[in-house]
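**Student:**
Numbering (my numbering), first residue to last: 127 to 385.
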């Protein structure tokens, strides 16, 4: 039983791991004995996090500055990971994401391209690039950082964000089926409002926050650690027969209906 709930020796890539859910995921993995590589667009952020993690005793955490909106930078990231991990990757967490909040008629083509490029195209491309490394594991796990905005219900996060997360959810299910013969599982986590810099930009509006909490049976927002711990579980041997699932981490939001 103890062996089923650990990550010791696993080689993991967590994109966007210097803030919010990504950062908590890196720390959860490291505390469970995994070796982790993470990235951010900002080299100062990466360096600051690496220093803090070393102070916490997380010696097997690596990082670099890569902009995942750029295809060449994605290729550079995976090449670096291949080198650091000797050609094997056990866990891929596609966590990078942004949002642009506007009414549908107000979005520009530039908005569309930017959001879809970061949220969906980079997820697809990084997964594609990592496939040979994941095959080398023989028992790998991919986790997508999605959102309840991806469906089946809607929320006021903007049409483009919802579309990108809906696409990510469908990609999760397709890869779960397509890559299962290679020993690769693929799942997604779908958080509701969580205490991260991205969400807190919206939740600083107290009236809006009150509306959010009124639709959350547990009466609070989530914490990054709660999402990270769920991601870690999905990557453990204990979750070895779970694939193709979109797991809501939402305090009951998606079950509420009219209550």
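Where is the CB? At the ideal position from N, CA and C, for every residue including glycine.
Could you check how far apart the C-beta atoms of residue 244 and residue 223 are, in whole angstroms? I think they sit under 8 Å.
**Tutor:** Here residue 244 corresponds to residue number 118 of the chain shown, with the count starting at 1. Here residue 223 corresponds to residue number 97 of the chain shown, with the count starting at 1. With a Cβ gap of about 7 Å, residue 244 and residue 223 count as contacting.
**Student:** Which runs of the beta strand (DSSP E) fall wholly inside the region 240-307 and span at least 3 residues, in chain order?
**Tutor:** If we require 3 residues or more, the beta strand (DSSP E) runs fully inside the region 240-307 come out as 266-271.
**Student:** Can you tell me where the beta strand (DSSP E) with residue 311 in it begins and where it stops?
**Tutor:** The sequence position of residue 311 within the chain shown is 185, counting from 1. Start and end: 310-317.
**Student:** If you measure between the beta carbons of residue 374 and residue 316, is that distance less than 7 Å?
**Tutor:** Here residue 374 is taken as the residue at index 248 of the chain shown, counted from 1. Here residue 316 is taken as the residue at index 190 of the chain shown, counted from 1. Taking 7 Å as the Cβ cut-off, residue 374 and residue 316 qualify as a contacting pair.
**Student:** What are the partner residues of residue 137, as DSSP defines its beta bridges?
**Tutor:** As a first step, residue 137 must be located in the chain shown, where it is residue number 11. Looking at the DSSP assignment, residue 137 forms a beta bridge with 161.
**Student:** Hey, residue 318 and residue 274: beta-carbon distance below 7 Å or not?
**Tutor:** Residue 318 sits at position 192 when you count from the first residue of the chain shown. Residue 274 sits at position 148 when you count from the first residue of the chain shown. Contact flag set, yes.
**Student:** Can we say the region 181-195 touches the region 165-173, given the rule of at least three CB pairs closer than 8 Å?
**Tutor:** Touching, yes.
**Student:** Taking all protein chains shown into account, decide if residue 312 is buried (16 or more other Cβ within 10 angstroms of its Cβ) or exposed.
**Tutor:** Translated into positions along the chain shown, residue 312 becomes position 186. By the neighbour-count rule (16 or more Cβ atoms within 10 Å), residue 312 is buried.
**Student:** Looking at residue 207: is its Cβ nearer than 7 Å to the Cβ of residue 139?
**Tutor:** What you label residue 207 is simply residue 81 of the chain shown in a count that begins at 1. What you label residue 139 is simply residue 13 of the chain shown in a count that begins at 1. Contact: yes.
**Student:** With respect to the beta strand (DSSP E) encompassing residue 355, which residues constitute its N-terminal and C-terminal limits?
**Tutor:** As a first step, residue 355 is located in the chain shown; it is residue number 229 there, counting from the start. Unbroken run through residue 355 is the alpha helix (DSSP H), 350-361; no beta strand (DSSP E).
**Student:** Quick check: residue 216 and residue 263, are their CB atoms within less than 7 Å of each other?
**Tutor:** Counting from one through the chain shown, the residue named residue 216 turns up at place 90. Counting from one through the chain shown, the residue named residue 263 turns up at place 137. Yes, Cβ-Cβ distance for residue 216 and residue 263 is below 7 Å.
**Student:** Using a Cβ-Cβ cutoff of less than 8 Å, which residues in the same chain neighbour residue 241 once the five nearest sequence positions on both sides are dropped?
**Tutor:** Position 115 of the chain shown, counting from 1, holds the residue named residue 241. 224, 225, 226, 286, 287 and 290.
**Student:** Would you report the Cα separation of residue 352 and residue 238, rounded to the nearest angstrom?
**Tutor:** Along the chain shown, one-based indexing puts residue 352 at 226. Along the chain shown, one-based indexing puts residue 238 at 112. Rounded to whole angstroms, residue 352 to residue 238 spans 30 Å at the Cα level.
**Student:** Quick one: grab the DSSP three-state call for residue 146.
**Tutor:** Position 20 of the chain shown, counting from 1, holds the residue named residue 146. It is helical.
**Student:** Measuring alpha carbon to alpha carbon, tell me which residue in 279, 145 and 301 is nearest residue 171.
**Tutor:** If you number the chain shown from 1, residue 171 lands on position 45. Residue 171 has its Cα closest to that of 145, out of 279, 145 and 301.
**Student:** Relative to the alpha-carbon of residue 356, which residue among 231, 271 and 199 has its alpha-carbon at the smallest distance?
**Tutor:** As a working mapping, residue 356 is identified with position 230 in the chain shown. The candidate whose alpha carbon is nearest that of residue 356 is 271.
**Student:** Under a CB-based cut-off of 7 Å, is residue 283 close to chain D?
**Tutor:** No chain D is present in this structure, which holds just one protein chain.
**Student:** Mark residue 235 as exposed unless 16 or more other C-beta atoms lie within 10 angstroms of its C-beta, in which case mark it buried.
**Tutor:** If you number the chain shown from 1, residue 235 lands on position 109. Per the 10 Å Cβ criterion, exposed.
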